[in-house]
Amino acid sequence: MRLPKPLDVVWCNFPLREAIDAPGPKARPILVLNIAPDGTVIAAAYGTSQAHTAPRDWELRHEAQRGTLTTFDMSRVLQLPAKREYFPPGLPALRAFPAARFAEVVAADAAARAALAARRRRPRT
Numbered sequence: 004m005r006l007p008k009p010l011d012v013v014w015c016n017f018p019l020r021e022a023i024d025a026p027g028p029k030a031r032p033i034l035v036l037n038i039a040p041d042g043t044v045i046a047a048a049y050g051t052s053q054a055h056t057a058p059r060d061w062e063l064r065h066e067a068q069r070g071t072l073t074t075f076d077m078s079r080v081l082q083l084p085a086k087r088e089y090f091p092p093g094l095p096a097l098r099a100f101p102a103a104r105f106a107e108v109v110a111a112d113a114a115a116r117a118a119l120a121a122r123r124r125r126p127r128t
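Following this note's numbering from start to finish, the sequence shown increments by one per residue and tops out at 128.
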């Protein structure tokens, strides 16, 4: 398997929320955030074409395919094994996320972390 690079947008069988330890049932676009030095783990943000009317602070929009806007949800980042079960071979290439927009990736990640921390601090009712 040829490893993607950070900011590549590739197809991935991203795990479902209820089964994060297994590949998902279908390929979705993901934004590669980082690769482990030994190449065994890929940090990936979930992508969907189902966009909200106004993106949240932790979402990034990108035209990964011509005419298709993909929303990457930085609140859904997982460390995935670099295996064929997750990254099936033979799927078409997608447009990489522009390096010039890296500051947006960092800001969205910070917003996702802040939102998660705020939820954890809220008193339960």
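A virtual CB, placed ideally from N, CA and C, is assigned to each residue, including glycine.
Around the Cβ of Leu97, a 10 Å sphere holds 16 or more other Cβ atoms; the residue is buried. It is roughly 11 angstroms from the alpha-carbon of Ala48 to the alpha-carbon of Val13. Boundaries of the beta strand (DSSP E) around Phe75: Thr71 to Pro84. Annotation for Leu119: Ser78 place their beta carbon closer than 8 angstroms to its own, counting only its chain and skipping 5 residues before and after.
In this structure Pro26 is in contact with Glu88, their Cβ atoms being roughly 5 angstroms apart against a cut-off of 8 angstroms.
The beta-carbon distance between Leu6 and Gly42, rounded to whole angstroms, is 5 angstroms. This is short enough to meet the 8 angstroms contact definition. Inclusion of Leu36 and Pro9 in the CB contact set at 9 angstroms is warranted, their separation being smaller than that value. Excluding its 5 nearest sequence neighbours in each direction, Ile38 has C-beta neighbours in its own chain below 7 angstroms: Leu6, Pro9 and Ile45, listed in chain order. Residue range Phe105 to Arg124 is occupied by the alpha helix (DSSP H) that includes Arg123.
For Asp112, same chain residues with a beta-carbon under 7 angstroms away, outside a window of 5 residues either side, are Met77 in chain order.
Judged by DSSP secondary structure, Thr43 falls outside any beta strand (DSSP E); it is assigned neither H nor E.
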